[in-house]
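Here the working numbering is used: the first residue of the sequence shown is 139, the next is one more, and so on.
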Amino acid sequence: MLEALIFDVDGTLAETEELHRRAFNTAFADAGLSWRWSRDDYRALLKTTGGKERITRFAAEQELDPAQVPVADLHRAKTAAYVALMAQGAIALRPGIAALIDEARDAGVALAIATTTTPANVEALCRAVFGRAAGEVFAVIAAGDEVAAKKPAPDVYLLALQRLGVAADRAVALEDSLNGLRSAQAAGLACVVSPGLYTNGEDFTGAARQVTEFTDLGGLAGVLAVLA
Numbered sequence: 139m140l141e142a143l144i145f146d147v148d149g150t151l152a153e154t155e156e157l158h159r160r161a162f163n164t165a166f167a168d169a170g171l172s173w174r175w176s177r178d179d180y181r182a183l184l185k186t187t188g189g190k191e192r193i194t195r196f197a198a199e200q201e202l203d204p205a206q207v208p209v210a211d212l213h214r215a216k217t218a219a220y221v222a223l224m225a226q227g228a229i230a231l232r233p234g235i236a237a238l239i240d241e242a243r244d245a246g247v248a249l250a251i252a253t254t255t256t257p258a259n260v261e262a263l264c265r266a267v268f269g270r271a272a273g274e275v276f277a278v279i280a281a282g283d284e285v286a287a288k289k290p291a292p293d294v295y296l297l298a299l300q301r302l303g304v305a306a307d308r309a310v311a312l313e314d315s316l317n318g319l320r321s322a323q324a325a326g327l328a329c330v331v332s333p334g335l336y337t338n339g340e341d342f343t344g345a346a347r348q349v350t351e352f353t354d355l356g357g358l359a360g361v362l363a364v365l366a
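In structure tokens form, the structure reads like this:
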């Protein structure tokens with residue numbers, strides 16, 4: 139029996155990663171840094187989950203002492219830039235997501251978020267694409283900064299399950315990345331994967347189902363089949 143759907147955010151609900159990349163570059167420029175992340179740079183950096191962690195990794199790759207880089211300040215500036223881009227209406231839900239959410243809600247299936255991004259980013263996205271607060275769309279929001287280890291560790295999914303009060307075998311995760319798939323699997327969840335702009339080409343062996351777009355699932359019936 140399906141009791142909950144747990145969604146990743148970036149690349150799953152919407153193709154937000156390109157906006158994140160642009161927001162990082164805005165924050166770097168505003169701070170007077172010469173850093174600029176190309177799409178290829180960002181694709182590689184996405185192997186590291188979490189924005190602050192990506193800044194730290196990049197600083198180390200530039201042979202800088204990460205302790206001397208204002209990581210927290212840069213990340214706050216990046217979040218502000220991202221929220222501003224969202225407010226401009228520069229994003230839409232991925233195909234099939236809105237219909238799946240509506241169908242799940244009508245069927246009494248709980249909706250949750252398990253993400254490495256910040257609650258502020260989740261809120262900005264929900265207001266941009268749903269026109270409502272995140273808490274009005276999702277019963278539970280579990281974010282990366284609330285747990286000890288980010289994806290591919292299972293922590294954020296375990297937190298979402300705990301808050302839902304649902305067993306892992308009665309929920310399905312929806313993801314777009316290998317790190318997300320590994321996180322969901324480690325939490326005991328079946329996982330449906332639809333690769334995003336920056337995750338095409340990753341190896342999703344072990345996914346309960348892989349689809350090009352979430353429209354290919356066939357709605358909630360396709361998710362239920364994953365648990366059959």
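Ideal placement from N, C-alpha and C gives every residue a C-beta, glycine not left out.
All of these numbers come straight from a predicted model, not from anything done at the bench.
Look at the Cβ atom of residue i, then the Cβ atom of residue j, and state whether they are nearer than 8 angstroms.
i, j, result
"THR150", "GLY334", "yes"
"ILE235", "PHE276", "no"
"ALA280", "ALA306", "no"
"ALA271", "ARG265", "yes"
"THR253", "GLY273", "no"
"THR164", "ALA219", "yes"
"VAL267", "ALA298", "no"
"LEU263", "THR154", "yes"
Which of helix, strand or coil does DSSP assign to residue i?
i, result
"ILE207", "Note that residue 207 corresponds to Val in the displayed sequence, not to Ile. Residue state, collapsed to three classes: coil."
"ARG347", "strand"
"VAL294", "helix"
"LEU312", "strand"
"LEU231", "strand"
"GLN300", "helix"
"MET139", "coil"
"LYS216", "helix"
"ASN163", "helix"
"ALA363", "helix"
"ASP307", "helix"
"SER172", "coil"
"LYS190", "helix"
"ASN259", "helix"
Can you name the residues that DSSP bridges to residue i?
i, result
"ASP148", "ALA152"
"ALA250", "ILE144, VAL278"
"VAL331", "GLU313, GLN348"
Given this structure, state the Cα-to-Cα distance separating residue i from residue j, to the nearest angstrom.
i, j, result
"ALA322", "ALA311", "6 angstroms"
"VAL304", "TYR180", "35 angstroms"
"SER172", "PHE166", "7 angstroms"
"ALA237", "ASP168", "39 angstroms"
"THR364", "ALA328", "For the sequence presented, residue 364 should be read as Val rather than Thr. One C-alpha to the other measures close to 7 angstroms."
"TYR336", "GLU156", "9 angstroms"
"LYS289", "GLY170", "31 angstroms"
"GLY357", "VAL285", "31 angstroms"
"VAL207", "ALA245", "49 angstroms"
"VAL247", "ALA205", "45 angstroms"
"GLN348", "ARG301", "27 angstroms"
"ALA182", "ASP146", "19 angstroms"
Buried or exposed for residue i, please, with buried defined as at least 16 other CB atoms from any protein chain shown within 10 angstroms of its CB.
i, result
"MET224", "buried"
"ARG232", "buried"
"LEU202", "exposed"
"GLY344", "exposed"
"ASN338", "exposed"
"ALA242", "buried"
"ARG174", "exposed"
"SER315", "buried"
"ALA359", "exposed"
"ASP148", "buried"
"THR350", "exposed"
"GLY269", "exposed"
"ASP293", "buried"
"LYS185", "exposed"
When you measure from the CB of residue i to every non-hydrogen atom of the ligand SAM, does any distance come out below 7 angstroms?
i, result
"GLU261", "Questions concerning the ligand SAM fall outside what the structure shown contains, since it holds no ligand whatsoever."
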